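**Q** In my numbering, the protein residues as written are 861 to 1275. A virtual CB, placed ideally from N, CA and C, is assigned to each residue, including glycine. Every value quoted in this text rests on a predicted model; they were computed, and no experiment measured them.
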């Protein structure tokens, strides 16, 4: 009897192993498995081979679980019949059901859910050996399941969707497993594919251009007054862009003493794209043509805006500051109850300062919060009332909100 009890305990332990391994390996994503393999973790190679064919892995786990449960049921019935006679079968069914449910299913699966990586790595070598052991039976059952699947229309659900990846990134940022700037970059990468040239272009009324017939001597004061490296050239009407001149080429001509050379002679032919040109294609176009600027036109060829390579990169990595940009500031209380903040400051400290719940996630920036409500990039001095707060744009460029004054809803004249 002692031997039978010992065997029963072994079978219950195996039942727990198969159940826990099943939950752990299903919980573990393929990406996490590949990461464990790259890290060289013990058991990762066996785990990768098992996860390489999920269908066979599940069949092997179910075969093992059912074999040990049937064996445990047989031994329990024999033991119960010896002790309780005719009532033994009922006692065996009730007792074993409780034992398997508690120690062979609920407990190991709950534990495996919390420790999926450790359980998967620990059990993978044994399960790989067991898979080889029952391989002929696995093949038979696999072919049967494939035949059964052929009776119903196949589904083509993706393993991981874009929305799931975005949600995972958000949860990772909230839990602290990834940085907020990494989370924001992931969001930008997925949004990038949906953007068009018109979404990020500098509108035509903000484009600084020069007349192509000007000499370098005549244009130099205007060139020095604007901190740009490229300048569109027009034929007398700002809408008629014909060339783009680089500041480096101007400086080279000056070094050679060519002061009377016209900008048109120094410039380069521009690229033109329509308003709805996809941003990812535009990025590839600029790289392949080795250009830094593209002119955006409408269906009639009329100038609508301008896009630079920096504009495109900022959609992926966020704002790029150079020596000409002022250093970003943090959250400053300029007067009691009045904040002066950068557009890149998160909403969380603003919420805490005013003790108000603001629409949007705490990880959103002040700029994102404002843009969500006004649906455009506002100009300096514009004032809005958002969530009970008076928001005044102190500084803004054509692409971003730089600095904002935030106070309780009250009038304010910006400096």
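From residue 903 to residue 986, what does the alpha carbon distance come to, in whole angstroms?
**A** Approximately 10 Å, taken between the alpha carbons.
**Q** With a cut-off of 8 Å on the beta carbons, I'd call residue 1204 and residue 1225 a contact; round off their distance for me.
**A** Going by Cβ atoms, the distance from residue 1204 to residue 1225 rounds to 5 Å, so yes, they are a contact pair.
**Q** What does the Cβ neighbour count give for residue 1196, buried or exposed, with the cut at 16 atoms within 10 Å?
**A** Residue 1196 comes out exposed.
**Q** Around the Cβ of residue 961, are there at least 16 other Cβ atoms within 10 angstroms (buried) or fewer (exposed)?
**A** Answer is exposed; the Cβ neighbour count stays below 16.
**Q** Once the 5 residues before and after residue 1240 are set aside, which same chain residues still bring their CB inside 8 Å of it?
**A** Here the set comprises 1253, 1254, 1255, 1256 and 1274.
**Q** Classify residue 1111 as buried or exposed, calling it buried when 16 or more other Cβ atoms lie within 10 Å of its own Cβ.
**A** Exposed, by the Cβ-count rule.
**Q** Which same chain residues end up closer than 7 Å to residue 1166 when comparing Cβ atoms and leaving out the 5 residues on each side of it in sequence?
**A** The answer, listed in chain order, is 1061, 1062, 1067, 1092, 1153, 1155 and 1156.
**Q** DSSP three-state call for residue 1235: helix, strand or coil?
**A** Note: residue 1235 maps to coil in three-state DSSP.
**Q** Check whether the Cβ atoms of residue 996 and residue 876 lie closer than 8 Å to each other.
**A** Result no, Cβ atoms of residue 996 and residue 876 do not sit closer than 8 Å.
**Q** Keeping to the same chain, check which residues put their C-beta closer than 8 Å to that of residue 1164; ignore five residues upstream and five downstream.
**A** For residue 1164, where only same-chain residues beyond five positions count, the Cβ hits under 8 Å are 1058, 1061, 1063, 1064, 1135, 1156, 1157 and 1158.
**Q** Taking the alpha-carbon of residue 1138 as reference, which of 1234, 1052, 1072 and 874 has the nearest alpha-carbon?
**A** Residue 1052 is the option with its Cα nearest to residue 1138.
**Q** Quick one: residues in its chain with C-beta nearer than 7 Å to the C-beta of residue 868, no 5 flanking neighbours on either side, listed in chain order?
**A** Cβ within range, chain order: 932, 935 and 936.
**Q** Only counting the same chain, and skipping five residues up and downstream in sequence, which positions put a Cβ closer than 6 Å to that of residue 1151?
**A** So the list reads 1131, once near-sequence residues are dropped.
**Q** Report the rounded CA-to-CA distance for residue 1078 versus residue 1193, giving the unit in angstroms.
**A** The alpha-carbon atoms of residue 1078 and residue 1193 are separated by roughly 46 Å.
**Q** Taking the C-alpha atoms as reference points, what is the distance between residue 923 and residue 907?
**A** When rounded, the distance between both Cα atoms is 18 Å.
**Q** So what does residue 1091 bridge to, in DSSP terms?
**A** For residue 1091, which the question treats as bridged, DSSP gives the partners 1105.
**Q** With DSSP as the reference, identify every bridge partner of residue 1263, one or two as the case may be.
**A** 1202 and 1255, per the DSSP bridge assignment.
**Q** Among 1172, 1115 and 1133, which one has its Cα closest to the Cα of residue 1140?
**A** Out of 1172, 1115 and 1133, 1172 has the C-alpha closest to the C-alpha of residue 1140.
**Q** If I measure Cβ to Cβ from residue 1238 and keep anything under 6 Å in the same chain, skipping five residues before and after, which residues do I get?
**A** Correct list, in chain order: 1253.
**Q** Could you tell me if residue 1215 is buried or exposed, where buried requires 16 or more neighbouring beta carbons within 10 angstroms of its beta carbon?
**A** Burial call: exposed.
**Q** Return the chain-ordered list of same chain residues with a C-beta closer than 8 Å to the C-beta of residue 1033, the five sequence neighbours on each side being excluded.
**A** Hits under 8 Å: 1039, 1040, 1042, 1043 and 1223.
**Q** Are residue 893 and residue 972 touching if we call contact CB-CB under 8 Å?
**A** No; because the gap between Cβ atoms is not below 8 Å, this pair is not in contact.
**Q** I'd like to confirm the pairing. Which residues does DSSP put opposite residue 1131 in its beta bridges?
**A** According to DSSP, which records beta bridges pairwise, residue 1131 is partnered with 1154.
**Q** Which same chain residues end up closer than 6 Å to residue 1198 when comparing Cβ atoms and leaving out the 5 residues on each side of it in sequence?
**A** Around residue 1198: 1267.
**Q** Look at residue 896 and residue 981 and say whether their C-beta atoms are less than 8 Å apart.
**A** Yes; because the gap between Cβ atoms is below 8 Å, this pair is in contact.
**Q** Quick one, are the C-beta atoms of residue 998 and residue 1056 less than 8 Å apart?
**A** Not in contact: residue 998 and residue 1056 (Cβ atoms no closer than 8 Å).
**Q** Rounded to the nearest angstrom, what separates residue 1048 and residue 878 at their Cα positions?
**A** Cα-Cα distance, rounded: 42 Å.
**Q** Is the distance from the Cβ of residue 1120 to the Cβ of residue 1168 below 8 Å?
**A** Contact flag unset, no.
**Q** Taking the Cβ atom as the reference point for each residue, do residue 1072 and residue 1103 lie within a distance shorter than 8 Å?
**A** Yes, the pair counts as a contact, with Cβ atoms nearer than the cut-off.
**Q** Looking only at its own chain, which residues have a Cβ that is under 8 Å from the Cβ of residue 864, when we skip the five neighbours before and after it?
**A** Hits under 8 Å: 935, 938 and 939.
**Q** Can you tell me which of the three DSSP states residue 990 falls into?
**A** Note: residue 990 maps to helix in three-state DSSP.
**Q** Mapping DSSP to helix, strand and coil, what is residue 1276?
**A** As displayed, the chain neither begins before 861 nor continues past 1275, which places residue 1276 out of reach and without an answer.
**Q** Which one or two residues does DSSP pair with residue 1250 in a beta bridge?
**A** Residue 1250 pairs with 1245 and 1267.
**Q** Provide the residue(s) that pair with residue 1035 in DSSP beta bridges, ordered along the chain.
**A** Paired residue(s): none; residue 1035 is not in a bridge.
**Q** Could you tell me the alpha carbon to alpha carbon distance between residue 1178 and residue 1228, rounded to whole angstroms?
**A** Residue 1178 and residue 1228: Cα-Cα distance of roughly 12 Å.
**Q** Rounded to a whole number of angstroms, what is the C-alpha to C-alpha distance between residue 1206 and residue 1235?
**A** Whole-angstrom Cα-Cα distance: 19 Å.
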